[in-house]
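Residue 30 in the UniProt record's numbering is what sits at position 30 of the sequence shown, and the numbering runs on without skipping anything.
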Amino acid sequence: MFEREKIKGEIWRKSLTYFLTSIEVERGYSKNTVSSYSIDLVRYIKFLEENGIEHPDWVSEEIVKRYITELQSIGLSQSSVSRNISSIRTFHKFLWNVAYTKNYPVDDIEGPMIRRKLPEVLTIEEIFSLLEQPDVSTEIGVRDRAMLEFMYATGVRVSELINFKQSDLFIDKEVVRVFGKGSKQRLIPIGETAIKWIREYQLKVRPKFVKITSGDILFLSRLGKRFTRMAVWKIVKKYALMAGIKKEIHPHTLRHSFATHLLENGADLRAVQEMLGHVDISTTQIYIRAKNIENLKEVYFLYHPRSN
1 MFEREKIKGE IWRKSLTYFL TSIEVERGYS KNTVSSYSID LVRYIKFLEE NGIEHPDWVS
61 EEIVKRYITE LQSIGLSQSS VSRNISSIRT FHKFLWNVAY TKNYPVDDIE GPMIRRKLPE
121 VLTIEEIFSL LEQPDVSTEI GVRDRAMLEF MYATGVRVSE LINFKQSDLF IDKEVVRVFG
181 KGSKQRLIPI GETAIKWIRE YQLKVRPKFV KITSGDILFL SRLGKRFTRM AVWKIVKKYA
241 LMAGIKKEIH PHTLRHSFAT HLLENGADLR AVQEMLGHVD ISTTQIYIRA KNIENLKEVY
301 FLYHPRSN
């Protein structure tokens, strides 16, 4: 899970192992998330040990701030520094909550202000063009069409897509059940067009791809395996190029477009938040900003005398 030899002290090794096991087993965090915490915290604990701090009780607010300054000095981006601070906060909060220590040195630690980048969004015309690119006279084309339709119809994350099971598809009720971050469950409506292509794939293609080891995973590679994130990215990228889309595109672009198009057509922000699985509505509000920017540009180019 992490390179134990990098941490010298037994107390730190045990406390980190306890924390990582807890977030994976009890909170249901993904292996990728646990790995990210591990990388951040091994580096942090190494710094503490290099400064003679061998126990969580000895950590001061000052030493944490020194560590943050060091992260900034080596050129880490603001978002990376902020993520490290979040990992450190969560770690110390865990140790405090389980009474491993009475020390809580991160109460007044603040991260750098981060400019949240507006998401790249495809127009409805670009989406339609993208969805029509797979050659549905082939088995791969039918699968890819079904997968793209599913992504745009539900706005799921890539991790949710590649782990989606057939048993979580309720076609008669026109909903899907998705297990998101921390294994949190949510229901998302799904439209008739996506259902049509998923049925086509399930009836005519998936049975030819499925292997004993495939389990109930809906979308399979030709070898009967679940997709990797990179494989999904390559599929989306391929069809975007075929559609002549010049924008920087990745699987999350379909998720961004899903949210933006719903809001543009009058959907309630809270409903979109629920469908996306956002805990904090401010995360969803960024799509309002993206929508407003497009509206402002439209007004500007229509009325500004020097816009052309």
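Note that CB positions come from ideal geometry on N, CA and C, so glycine has one too.
All figures in this text were calculated on a predicted structure; none of them were measured in a lab.
The stretch 189-205 / the stretch 143-159 touching (three or more Cβ pairs under 8 Å): Taking 8 Å as the limit for Cβ pairs, the verdict is that the stretch 143-159 does touch the stretch 189-205.
Within 10 angstroms of the Cβ of A267, are there 16 or more other Cβ atoms? Answer buried if so, exposed if not. Classification for A267: exposed.
Would you list the residues sitting across from L169 in a DSSP beta bridge? Paired residues: V176.
I124 in three-state terms, based on DSSP: In the structure shown, I124 sits in a helix (DSSP, three-state: H, G or I).
Measure the alpha-carbon distance for W58 versus I281 and round it to whole angstroms. So the alpha carbons of these two residues sit roughly 37 Å apart.
Could you compute how far the alpha carbon of K8 sits from the alpha carbon of S15? In a straight line, the C-alpha of K8 is about 13 Å away from that of S15.
For I74, I'd like the list of residues in its chain whose CB is within less than 8 Å of its CB, leaving aside the five on either flank, ordered along the chain. Within the same chain, I74 has no close Cβ partners at all.
May I ask you to report which of helix, strand or coil DSSP gives I85? Assigned with DSSP and collapsed to three states, I85 falls in helix.
Top-ranked residue by Cα proximity to A153, from I124, I212 and I140: Closest by alpha carbon: I124.
Going along the chain, which residues of its own chain have a beta-carbon closer than 6 Å to the beta-carbon of E126, five neighbours each way excluded? So the list reads I245, once near-sequence residues are dropped.
Using a Cβ-Cβ cutoff of less than 8 Å, which residues in the same chain neighbour R206 once the five nearest sequence positions on both sides are dropped? Excluding the 5 residues flanking it on each side, R206 has same chain C-beta neighbours closer than 8 Å at R143, L218 and L220, in chain order.
So does the stretch 81-95 actually touch the stretch 15-32, counting three or more Cβ pairs closer than 8 Å? Taking one beta carbon from each stretch, the stretch 81-95 and the stretch 15-32 have 3 or more pairs nearer than 8 Å; the two touch.
If you check the beta carbons only, do S82 and A243 fall under 7 Å apart? For S82 and A243, no; Cβs fall outside 7 Å.
Select from T260, T33 and K165 the residue whose C-alpha is nearest the C-alpha of G155. Selected option, being the one with the closest Cα: T260.
Give every residue of the same chain whose Cβ lies closer than 6 Å to the Cβ of F2, excluding the five residues on either side of it in the sequence, and list them in chain order. Unreliable placement is indicated for F2, whose pLDDT of 46 sits below 50; the coordinate value is still reported in the next sentence. Within the same chain, F2 has close Cβ partners S38 and V42.
Per DSSP, what kind of secondary structure is I23 in: helix, strand or coil? In the three-state reduction of the DSSP assignment, I23 falls in the helix class.
Could you check where the alpha helix (DSSP H) with Q72 kicks off and where it finishes? Note, Q72: alpha helix (DSSP H), E61 to S73.
With I198 as the anchor, note down where its alpha helix (DSSP H) starts and where it stops. I198 -> alpha helix (DSSP H) spans E192 to K204.
Own chain, CB closer than 7 Å to F227, minus 5 neighbours either side, in chain order: If we look at F227 and ignore the five residues flanking it on each side, its Cβ neighbours are I162, F219 and S221.
So what does DSSP say about K6, is it helix, strand or coil? K6 falls in the helix class under three-state DSSP.
Within 10 angstroms of the Cβ of N84, are there 16 or more other Cβ atoms? Answer buried if so, exposed if not. Note on N84: 16 or more other CB atoms within 10 angstroms of its CB, so buried under the neighbour-count rule.
Distance between L122 and R229 (C-alpha atoms, nearest Å): Across the structure, R229 and L122 are spaced so that their CA atoms are roughly 20 Å apart.
Considering L187, what are the terminal residues of the alpha helix (DSSP H) in which it resides? Unbroken run through L187 is the beta strand (DSSP E), Q185 to P189; no alpha helix (DSSP H).
Buried versus exposed call for T284 [16 or more other C-beta atoms within 10 Å across all chains shown]: When all chains shown are included, T284 counts as buried.
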